[in-house]
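Top line first, the protein sequences correspond to chains X and P. Using our numbering, you'd call the opening residue of the first sequence number 752 and step up by one each time. Using our numbering, you'd call the opening residue of the second sequence number 59 and step up by one each time. So the structure is just underneath, and the comments pick up after that.
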Amino acid sequence: MSARTRTSVFLIAAAALACIFVDGLLDLPPLGDYRGPYGYVVTQVAVYERHATDIVNAINYDYRAFDTLGEEFILFASVVGVFLLFRPEEKSKKANHKGDDADFDGERLPVSDALRVSTEAIMGVMIVFGVYIATHGQLTPGGGFQGGVVLATTPILVYLAGDAMSFERITDSRLVKIAECAGAAGYGVIGICALLFGAHFLTNVVPLGTTGDLFSSGTIAIISATVGLEVTGGFVQLTRIVLREIVEQQLRGKS
Amino acid sequence: MILHVPYFIAAWIFLWGLYGIVTSKNLVHQVICLAVLQTSTYVLLLAIGYKTGATAPVFADIPVGTPVVDPLVQALMLTDIVVEATVAALLLSMVVKANELANTVDPEELRILSG
């Protein structure tokens, strides 16, 4: 099928799909006329039941905690998948493609002073901000996923600042692997701990504390922190895997 | 009718994402189109959960009982974003591998599979 036929077939199908969309969407309640009972109920009871003020995270890490466990393992599985795709191949296979990089002799473009100074200045702020976001998920918008992504950008800043050696040292460290595995396993362990108290899997059995405190809301805060660990570890590993070849070439160029 | 516009925007983004995937000449572009397609679900979910005059479902500064938008769809959206990020990471690494093996990122030229 040529590109042109395919596009015209698609356009006909898309027009039909659009008609079905419009027909279906017109039956939805108009904007602002929310009718679901679940949203009303959960916003009324969550603060009393769980002592968490951010209801979105109360749902994510408590009411729907089992779903978020699956979500976390999707992330874990994709890191494993990328790792498998980028596993080092045998030398013979690689030799075929080395021709492309022949003009790349490991020298990198010079990094401007402005870029280096500003990334180094912002790095500390990023780490503090990431930890803050990851640990305050039960109180204000944020949580483990968001804070973890903020934290995982700091090694990229190190790389942008032109310090391939430090990037390698940070991302290759045992700590990152431990963080990722502890984050992934910790979620399940917290769930199993509830079983020891005779409750269901992932029940909130930890004392709930005072609403509005940092150490409140029981397992919501703890699970959020473990997810933060997992996301940080996972994304740092991802950047390392993807940038590995370039970084190795730069390090070879330097030595 | 005018109050249904956000839903139509969601459908609009979805169809344009689909159009991009079908007509794309570059695998990286195709992955980005998939990401665009997925963003339509954010618009749809937020529009469904919206309540007139309601605020964000965070009771840190406001008393319980204040009208807030549905937090459930927002929680679903978070899941959606995480899945989108992981899917994009996996697909982009497949694109890198495809480029290494076939020396092309044009999906049209990827027809011949070799072991």
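All C-beta atoms, glycine included, are put in the ideal place defined by N, C-alpha and C.
Residue range of the unbroken alpha helix (DSSP H) whose run includes residue i
i       : result
L757(X) : The question names Leu, yet the displayed sequence has Arg at residue 757(X). Note, R757(X): alpha helix (DSSP H), 754 to 777.
N955(X) : No alpha helix (DSSP H) contains N955(X), which DSSP labels as neither H nor E.
T137(P) : 129 to 160
G888(X) : It is not in any alpha helix (DSSP H) - G888(X) carries neither H nor E in the DSSP assignment.
Y812(X) : Here Y812(X) belongs to no alpha helix (DSSP H), and DSSP marks it neither H nor E.
M916(X) : 915 to 922
R169(P) : Neither: R169(P) is in no alpha helix (DSSP H) and is coded neither H nor E.
T962(X) : Here T962(X) belongs to no alpha helix (DSSP H), and DSSP marks it neither H nor E.
E925(X) : The identity of residue 925(X) in the sequence shown is Arg, whereas the question assumes Glu. Taken as a continuous stretch (DSSP letters only), the alpha helix (DSSP H) holding R925(X) covers 925 to 947.
G894(X) : Taken as a continuous stretch (DSSP letters only), G894(X) belongs to no alpha helix (DSSP H), as it is neither H nor E.
F66(P)  : 63 to 81
Y100(P) : 85 to 107
is_contact[residue i, chain X] using C-beta, thresh 8 Å
i       : result
D164(P) : no
G107(P) : yes
Y100(P) : no
H62(P)  : yes
A160(P) : no
Q132(P) : yes
A31(P)  : Residue 31(P) falls outside the range modelled here, since chain P spans only 59 to 173, and no answer is possible.
L168(P) : no
A93(P)  : no
S151(P) : yes
V126(P) : yes
A12(P)  : Residue 12(P) lies beyond the residue range present for chain P, which begins at 59 and ends at 173; the question has no answer from this structure.
T97(P)  : no
V86(P)  : no
L103(P) : no
N89(P)  : The amino acid at residue 89(P) is misidentified as Asn; the sequence shows Val. Output row for V89(P): interface = no.
Proximal residues to residue i (C-beta, below 7 Å), its chain only, five neighbours per side dropped
i       : result
M916(X) : L1002
V833(X) : L989, I992
V830(X) : G985, Q988, L989
Assigned exposure category for residue i - 16 Cβ within 10 Å defines buried
i       : result
I126(P) : Sequence check: residue 126(P) is Val here, not Ile. V126(P) comes out buried.
V987(X) : buried
D164(P) : exposed
T819(X) : buried
V862(X) : exposed
R801(X) : buried
D128(P) : buried
P115(P) : buried
S753(X) : exposed
D805(X) : buried
D813(X) : buried
C91(P)  : buried
A950(X) : exposed
E822(X) : buried
V879(X) : exposed
I60(P)  : exposed
Sequence-distant residues of its chain with Cβ nearer than 8 Å to residue i (five each side left out)
i       : result
A816(X) : G942, L953, T970, I974
R757(X) : none
V773(X) : none
V956(X) : C944, A945, F948, A950, G969, T970
T891(X) : T804, D805
E167(P) : A160
Coil, strand or helix - residue i by DSSP
i       : result
V116(P) : strand
V796(X) : helix
G783(X) : strand
D864(X) : helix
D805(X) : strand
V126(P) : strand
I60(P)  : helix
A912(X) : coil
E840(X) : coil
T905(X) : helix
V163(P) : coil
P121(P) : coil
G178(P) : The structure shown does not extend to residue 178(P), since chain P is modelled only from 59 through 173, so no value can be given for it.
G790(X) : helix
S968(X) : coil
Neighbour flag for residue i against chain P, beta carbons, 8 Å
i       : result
R801(X) : no
K849(X) : Confidence in K849(X) is poor, its pLDDT being 48 and thus under 50, which makes the residue's placement unreliable; the coordinate value appears in the next sentence. Taking Cβ atoms only, chain P never reaches closer than 8 Å to K849(X), which makes this a no.
P839(X) : no
T758(X) : yes
F948(X) : no
I971(X) : no
I763(X) : no
A930(X) : no
T891(X) : yes
Close beta carbons around residue i, own chain, < 6 Å, minus the five adjacent residues each side
i       : result
I139(P) : none
T794(X) : I806
Q96(P)  : E142
E919(X) : V998
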